[in-house]
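J.:
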Amino acid sequence: MDHIESNYSPAPSASGDDATPSKRKVSTSKRARLTRDSRARVIAQLMRWRARIPGWDVDALRTLTSTEADGVAMVSAVLPAIGDERLRKLVQQHLADEQRHVDAFGERLANVESERGIDPVAVHPAETIGSLNVIEFMAYLELGELRAYQCLENYRDLFEGDVKTCEVIDSVMRDEQFHCAYSHDQLERWATEGFEDEIEAARKWADDIDTSAFRNQCLSFVSMLPRIIFRRSANGTS
Ligand SMILES: [Fe+2]
Ligand SMILES: [Fe+2]
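Numbered per this note's numbering, the sequence shown spans residues 12 to 249.
#1: When DSSP labels each residue in this structure, what does S91 get in the three-state scheme?
#2: Measure the Cβ-Cβ separation of F116 and V174 and say whether it is below 8 Å.
#3: In terms of residue numbering, what span does the alpha helix (DSSP H) encompassing I240 cover?
#4: Once you ignore the five residues that flank L106 on each side, which residues in its own chain have a CB closer than 8 Å to its CB?
#5: Quick test of your reading: F225 and R50, contact by CB under 8 Å. State the CB separation rounded to the nearest angstrom.
#6: If contacts are defined as beta-carbon pairs under 8 Å, then E187 and Y160 qualify, I think. What distance do you get, rounded to the angstrom?
#7: What do you reckon, are the CB atoms on E79 and V132 nearer than 8 Å?
#8: Work out the CA separation of E138 and Y151 for me, nearest whole Å.
#9: Look up I64 in the DSSP assignment and say whether it is helix, strand or coil.
#10: Near H135, what residues of its chain come up, given a Cβ to Cβ distance below 8 Å and the 5 sequence neighbours on each side ignored?
#11: How would you call Q56, buried or exposed, if buried means at least 16 neighbouring beta carbons within 10 angstroms?
#12: Could you tell me the distance, in whole angstroms, from the CA atom of N227 to the CA atom of I93?
#13: Could you tell me the alpha carbon to alpha carbon distance between P21 and I146, rounded to whole angstroms?
#14: At a threshold of 7 Å, does H195 count as lining ligand 2 (C-beta to nearest heavy atom)?
#15: Given the structure, does G94 come close to ligand 2, in the sense that its CB is under 7 Å from one of the ligand's heavy atoms?
#16: Give the C-beta separation of L120 and R61 to the nearest angstrom, bearing in mind that I take them to be a contact with Cβ-Cβ under 8 Å.
#17: Looking at the structure shown, is H190 part of a helix, part of a strand, or coil, going by DSSP?
#18: Helix, strand or coil for E211? Go by DSSP, reduced to three states.
#19: Between R127, E204, Q104 and F241, which lies nearest to V69 when the distance is taken from Cα to Cα?
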């Protein structure tokens, strides 16, 4: 699955909907799509335990900033391969959203570091997961954006009382809902146009990536157990 179909451009939708897409036109049942599965529930519990570590909130803002930067890199890499005009507009909107998320979390992080006299730590360079064709990209988004939304839901609870950070999280969550919905809708649209096999394979591949990410988060949690148990920050302070 490590290849590119350059300018892959499925035929226009059978629905005949060729109007300029907008966030309000996405019709997916968000409630159904955002249901928590067992992996999400485990991750939510791990995040609660990790929030016992002093300074967890600064670490979280750094993670959120770098993860959003990963999103910018990934969407930027795939955008030139999208030939379909309607989808291109959606992905351009998506890219603008992800850049706003980087800026919003980055600004909040800088303010918190400044308020606490913490030296800024360089956020790691953005990462992508290799070359994707457009169906793989949508399948990756369909699940990845759901995980992003669920993660923010957890942070929304953990940051309770930090009004400024919660405002940023709320605004980003609205965008992530849109990203979940349009990627799901696009896959369903292609399914009606004869791409069922490609979509099934891409969803399986995306689920394998999700499984791998889940395992890595569990392993990361295990490596942090001493700090969680003894409530020690990365520099050893309690
Ligand atoms: Fe985002
Ligand atoms: Fe997103």
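Beta carbons: idealized from backbone N, C-alpha and C, even for Gly.
Quick caveat, the model's predicted, so the values are computed rather than measured.
T.: On the basis of the data shown:
#1: Position 80 of the sequence shown, counted from the first residue, corresponds to residue 91. With the sequence shown as reference, residue 91 is identified as Pro, and Ser is not the correct amino acid for it. It is helical.
#2: Here the question's residue 116 lines up with position 105 in the sequence shown. Here the question's residue 174 lines up with position 163 in the sequence shown. Cβ distance not < 8 Å, so F116 and V174 don't count as in contact.
#3: As a first step, residue 240 must be located in the sequence shown, where it is residue number 229. Note, I240: alpha helix (DSSP H), L236 to F241.
#4: Walking along the sequence shown from the start, residue 106 turns up at place 95. Cβ within range, chain order: V83, V86, S87 and L90.
#5: For the purposes of this step, residue 225 is identified with residue 214 of the sequence shown, where counting begins at 1. For the purposes of this step, residue 50 is identified with residue 39 of the sequence shown, where counting begins at 1. So it is a contact: roughly 5 Å between Cβ atoms.
#6: Walking along the sequence shown from the start, residue 187 turns up at place 176. Walking along the sequence shown from the start, residue 160 turns up at place 149. Correct: roughly 4 Å between the Cβ atoms.
#7: Position 68 of the sequence shown, counted from the start, is the residue given in the question as residue 79. Position 121 of the sequence shown, counted from the start, is the residue given in the question as residue 132. Not a contact, by the Cβ cut-off of 8 Å.
#8: As a first step, residue 151 is located in the sequence shown; it is residue number 140 there, counting from the start. As a first step, residue 138 is located in the sequence shown; it is residue number 127 there, counting from the start. Those two C-alpha atoms are separated by around 15 Å.
#9: Sequence index remark: in the sequence shown, residue 64 carries index 53 (1-based). If DSSP states are grouped into helix, strand and coil, I64 belongs with coil.
#10: Position 124 of the sequence shown holds residue 135. Excluding positions up to five away in sequence, the list reads S77.
#11: Taking the first residue of the sequence shown as 1, we reach residue 56 at position 45. Exposed: under 16 other Cβ atoms inside 10 Å.
#12: By one-based count along the sequence shown, residue 227 stands at place 216. By one-based count along the sequence shown, residue 93 stands at place 82. If I take the Cα positions, the gap works out to 31 Å.
#13: Counting from one through the sequence shown, the residue named residue 21 turns up at place 10. Counting from one through the sequence shown, the residue named residue 146 turns up at place 135. Its pLDDT being 41, under 50, P21 is placed unreliably by the model, and the measurement read from it follows with that caveat. In a straight line, the C-alpha of P21 is about 10 Å away from that of I146.
#14: Mapped onto the sequence shown, residue 195 falls at position 184. Checking every heavy atom of ligand 2 against the Cβ of H195, none is found closer than 7 Å.
#15: Here residue 94 corresponds to residue number 83 of the sequence shown, with the count starting at 1. Outside the cutoff, so no.
#16: Residue mapping note: residue 120 aligns to position 109 of the sequence shown, counting from 1. Residue mapping note: residue 61 aligns to position 50 of the sequence shown, counting from 1. Not really, about 17 Å apart at Cβ, beyond 8 Å.
#17: Within the sequence shown, residue 190 is the residue found at index 179, counting from 1. DSSP places H190 in helix when its eight states are reduced to three.
#18: Start at 1 with the first residue of the sequence shown, and residue 211 comes out as number 200. Residue state, collapsed to three classes: helix.
#19: Here residue 69 refers to the residue found at position 58 of the sequence shown. V69 has its Cα closest to that of R127, out of R127, E204, Q104 and F241.
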